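For the sequence shown, UniProt numbering assigns the number 1 to the initial residue and increments by one for each residue that follows. From the three backbone atoms N, C-alpha and C, an ideal C-beta is built for every residue, glycine too. Everything numeric in this text was worked out from a predicted model, so none of it was measured. The structure appears below as structure tokens.
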Amino acid sequence: MAEPRPIPEIIYGTAFKFDKTAHLVEAALKAGFRGIDTAGSSHAYREALVGEGIAAAMTSGGFSREDLYIQTKFSPYKEGRDPANYPYDTTASIPDQIEQSIAASLLNLKTDHIDCLILHSLYPKIEDTILAWQVMEKLVPSRVHSLGLSNVDLDSLQKVYNSATIKPRTVQNRFTEDTVDSPTPNFPKDLPYPVIPFDRDVRDYCRRHDIVYTPWGLLWGNPSLLDNPELFMRMGQVLQVSKQVACYAYILHSRSCSMKILCGTTKDDRMAETLNGLEKINVFLAESDANRAIFQGWVEKVDRIIDQIDK
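So this is what it looks like as structure tokens:
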């Protein structure tokens, strides 16, 4: 089996963009993003509009499908939600649901393959989660090139990994100080939370098993981190980038595990600012050993602070 396309350092996230999805995807690709994250469920995504945005950008952008990394998700049905939000018959078997979902995704995204198919959430029974994974494995390598998990705890990740023929390539989880036992009071009650602050147990497992970890909700979910002058604000001033870009740079260079960025900005100028800021940091690092030492010392400091936070 051929090696899957490398996961880009930064992926554009399309959740909750709704009727603005096509415009924002087109703008992100024109700004320089080459990774797109979406899902078939219309609860938070508009996958067909993602496909429209990709097609529009490719028409005028001077790049092809082979230059893109597209990941989408199979979203297991959750009791109480509108079945119409799912791209499959919610009364069908899990294998049939996955087949209907991937067929819809390929049509929506106007492509013959998905670079990564992510299991969006776990089933109440681990046996069903493992069954879904086994069905997803059968899609590789023809229509899907790699697989991942989202909103997964350590125990479930271990069980899927140990039973899998095709191992998870990526995990997409919330990276936040707040936990299952200490959720954020003013956030929606159905948000998933890590068991341990900043998902340290899952990230450590990812490090030991060469799984790429991609945090979602990184910026809006961590206001206390972003506003801490000892973390991202001061280093942003040194690097001459925003605290948000400094946070992204930390994610890319943290030694805790291999991590990538999921960026979901809705502002065209912020897209360019983010990509330009990351490139500015690359230039800073290439300029001298002293710059690299300053930067690495800061990354290690943030690693230590995050590792010591407990709730």
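**Prompt:** What are the start and end residues of the alpha helix (DSSP H) that includes G13?
**Reply:** G13 -> not in any alpha helix (DSSP H); beta strand (DSSP E) instead, spanning 10 to 13.
**Message:** Can you give me the C-alpha to C-alpha distance between Y205 and C257, rounded to a whole angstrom?
**Reply:** 9 Å
**Asked** Hey, out of R200, Q100, M259, whose CA is closest to Q308's CA?
**Response** R200
**Request:** Pair every Cβ in the region 215 to 230 with every Cβ in the region 258 to 278, then say whether three or more of these pairs are closer than 8 Å.
**Result:** yes
**Asked** What is the DSSP secondary structure of W220, counted as helix, strand or coil?
**Response** coil
**Message:** Taking 8 Å as the limit between beta carbons, can you name the residues of its chain near S41, skipping five residues before and five after?
**Reply:** K73, S75, N85, Y86, P87, H120
**Message:** Could you tell me the alpha carbon to alpha carbon distance between T170 and E9, rounded to whole angstroms?
**Reply:** 13 Å
**Message:** Considering only DSSP beta bridges, list what R174 is partnered with.
**Reply:** W216
**Request:** Using the Cα positions of R203 and P124, report the straight-line distance between them to the nearest angstrom.
**Result:** 23 Å
**Asked** Does DSSP classify T90 as helix, strand or coil?
**Response** coil
**Prompt:** Helix, strand or coil for I69 per DSSP?
**Reply:** For the sequence presented, residue 69 should be read as Tyr rather than Ile. Strand.
**Item:** Ranges of the beta strand (DSSP E) found wholly within the region 203 to 282, counting only runs of at least 3
**Value:** 212 to 216, 261 to 263
**Prompt:** Going along the chain, which unbroken runs of the beta strand (DSSP E) with 3 or more residues stay wholly within the region 127 to 157?
**Reply:** 147 to 150
**Request:** Could you give the DSSP three-state label for F18: helix, strand or coil?
**Result:** helix
**Asked** Among residues of its own chain, excluding the 5 on either side of V135, which ones have a beta-carbon nearer than 7 Å to its beta-carbon?
**Response** I94, P95, I98
**Item:** Assumed close pair T176, G221 - CB separation to whole angstroms, cut-off 8 Å
**Value:** 5 Å
**C-alpha gap between I251 and M259, whole angstroms** = 6 Å
**Request:** Evaluate T14 with the Cβ neighbour count: other Cβ atoms within 10 Å of its Cβ, from every protein chain shown; 16 or more gives buried, anything less gives exposed.
**Result:** buried
**Prompt:** Which two residues bound the contiguous alpha helix (DSSP H) that contains G297?
**Reply:** 289 to 308
**Message:** In whole angstroms, give me the CA-to-CA distance for W298 and G51.
**Reply:** 39 Å
**Asked** So what's L117 in DSSP terms, helix, strand or just coil?
**Response** strand
**Message:** For the beta strand (DSSP E) containing G53, name the first residue and the last one.
**Reply:** Where G53 is concerned, there is no enclosing beta strand (DSSP E), although the alpha helix (DSSP H) it sits in stretches over 47 to 61.
**Message:** Relative to the C-alpha of K20, which candidate in E3, F33, A48, A31 has its C-alpha closest?
**Reply:** A48
**Request:** Taking all protein chains shown into account, decide if Q71 is buried (16 or more other Cβ within 10 angstroms of its Cβ) or exposed.
**Result:** buried
**Prompt:** Between Y69 and T179, what straight-line distance do the alpha-carbon atoms span, to the nearest angstrom?
**Reply:** 31 Å
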